[in-house]
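Under the numbering used here, the residues of the sequence shown are numbered 76 to 340, in order.
For each residue, glycine too, the CB sits at the ideal point set by N, CA and C.
Note that this is a predicted model, so its numbers are computed, not measured.
The structure appears below as structure tokens.
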Amino acid sequence: MASSILLSTYVRKPEFEEFLNTFYDSVCESDMVKHYFFLAKKGVILQDMKKFSSYLTPRTSLDYRRPATGTASPDIQLPDRQIGEISQIMVKVFRAKKFPIEDIPQLSHEVLEMIDETRSQTNDTAVSILYPDEIDSENVYKFLKKNKIDSEVMPSKALMAERGLAHKVWIYLDHEEKTISVEGKIFIKDIAFDDQIEEIIEKQNNRDSFVKIKLVRDAGAQHLLERHVLPFKNGIPVRLFVRYLGKFSRDLDQIYLSDPDDVLK
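Following this line, the structure appears as structure tokens:
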């Protein structure tokens, strides 16, 4: 699993804007895919990448070696053949601009996903971004509900989301820091020995996953913990956030596969 989203670093470099300009123009000159950018202008794409690329979900190394796929809303999704053409143009431009060869597969996936997010936002009839002044527990609850994730707002204003996800996830808002945190806990039975717990942690943290766990013993019942923190100073792109929650919860659920002795609750 890539340790971070490459696009979040590259998007602020001058050479990335040069890449995007050339890529945009090259796609618009292609008879097969020139319609791709009808719903997404260059400036808006770049701004969305700067604002929301941290909400992209890291994929496995194997995923990045596969051809990139479209993630746009179904009614504006392009056929695989056209996505393939766009990806080929993108790779050619990356190479022409001398981007590191080892970064191109991951960047291609991330760029395509962010462009599809901008295209989808433009096409949306319902609001798909939760803006900073609208962000509170109740509104996050409503947006999750619309996306088939049932959650409960706790007295602390944290949200506990479970139904619609592979594993229970806790969501915390920090209005002072303008961050939203996603937290997963897996509790451990009292019968567990230290070596059993250590083996589970080692297996998970060596797995190609963006969930890396640690043992917590000083905050109630002992449990395994992972926590991701995302910024919301520019808002929360709901579609990307829901996708992120889904992957986070699935990777949490996979931890039980590393528990042959059944010491996890």
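- Beta-carbon to beta-carbon, Leu299 and Ile276 are separated by about 7 Å, close enough to satisfy the 8 Å threshold.
- The continuous stretches of beta strand (DSSP E) do not include Lys340, and DSSP gives it neither H nor E.
- Within the same chain, Glu188 and Asp191 come within 7 Å of Thr146 by CB-CB distance, once the 5 residues on both sides are set aside.
- A straight line joining the alpha-carbon of His242 with that of Ser324 spans about 5 Å.
- Within the model, the alpha-carbon separation for Ile151 versus Phe113 is close to 11 Å.
- Lys289: member of the beta strand (DSSP E) spanning Lys289 to Val291, first to last residue.
- Shown here, Tyr216 sits in a helix according to DSSP, grouped into three states.
- Across the set Leu137, Asn214 and Leu205, the C-alpha of Leu137 shows the shortest separation from the C-alpha of His184.
- Counted as a single uninterrupted DSSP element, the alpha helix (DSSP H) harbouring Glu90 occupies residues Pro89 to Cys103.
- The beta carbons of Ile255 and Ile204 sit no closer together than 8 Å.
- Per DSSP, reduced to three states, the secondary structure at Ser226 is strand.
- Straight-line spacing of the CA atoms in Lys221 and Asp123 works out to 23 Å.
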